[in-house]
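For reference, the structure discussed in these notes is given below.
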């Protein structure tokens with residue numbers, strides 16, 4: 001049995017016909033964030049628990065998860081509806097919320113600047 005390495009992880013990824021969800025966490029750990037986002041962006045939900053804590057906190061990785069907040073997780077199997085359930089980065093409600101928070105932060109920063 002070979003120990004995990006970047007070469008072994010890439011080889012395994014292609015041996016498994018790009019089914020990253022069938023890889024072990026220690027093998028996925030050697031794949032870079034950029035590799036995962038380029039070659040397996042629709043499978044991030046499936047491998048989420050196998051990702052390192054660092055990748056689970058990464059904004060780009062989070063934005064490629066399915067938006068469970070605005071879609072009922074009891075009724076919908078997110079991984080079966082890749083084209084229908086938006087990623088967080090594409091969810092219109094999440095986008096509106098982000099714009100709102102950016103505007104609120106901007107207002108707060110500029111209003112506090114006038115008091116100094």
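In full-length UniProt numbering, the protein residues as written are 1 to 116. The C-beta atom is built at its ideal place from N, Cα and C for all residues, glycine as well.
| Check | Outcome |
| --- | --- |
| What number of angstroms, rounded off, separates the C-alpha of residue 23 from the C-alpha of residue 43? | 12 Å |
| Determine the direct distance from the alpha carbon of residue 55 to that of residue 10, and round the result to whole angstroms. | 18 Å |
| Tell whether a beta-carbon distance below 8 Å holds between residue 111 and residue 89. | no |
| In this structure, what does DSSP give as the bridge partners for residue 8? | In DSSP, residue 8 forms no bridge with anything. |
| On the CB-based measure, 16 or more other CB atoms within 10 Å of its CB, does residue 87 come out buried or exposed? | buried |
| List the endpoints of the continuous alpha helix (DSSP H) containing residue 63. | 59–63 |
| According to DSSP, is residue 37 part of a helix, a strand, or is it coil? | helix |
| Between 98, 67, 20, which has its C-alpha nearest residue 39's C-alpha? | 20 |
| From the DSSP output, in three-state form, read off residue 87 for me. | strand |
| For residue 41, I'd like the list of residues in its chain whose CB is within less than 6 Å of its CB, leaving aside the five on either flank, ordered along the chain. | 64 |
| Identify the residues that DSSP records as bridge partners of residue 66: which are they? | 87 |
| Go through its chain and collect everything with a Cβ distance to residue 71's Cβ below 6 Å, but skip five positions before and after it. | 85 |
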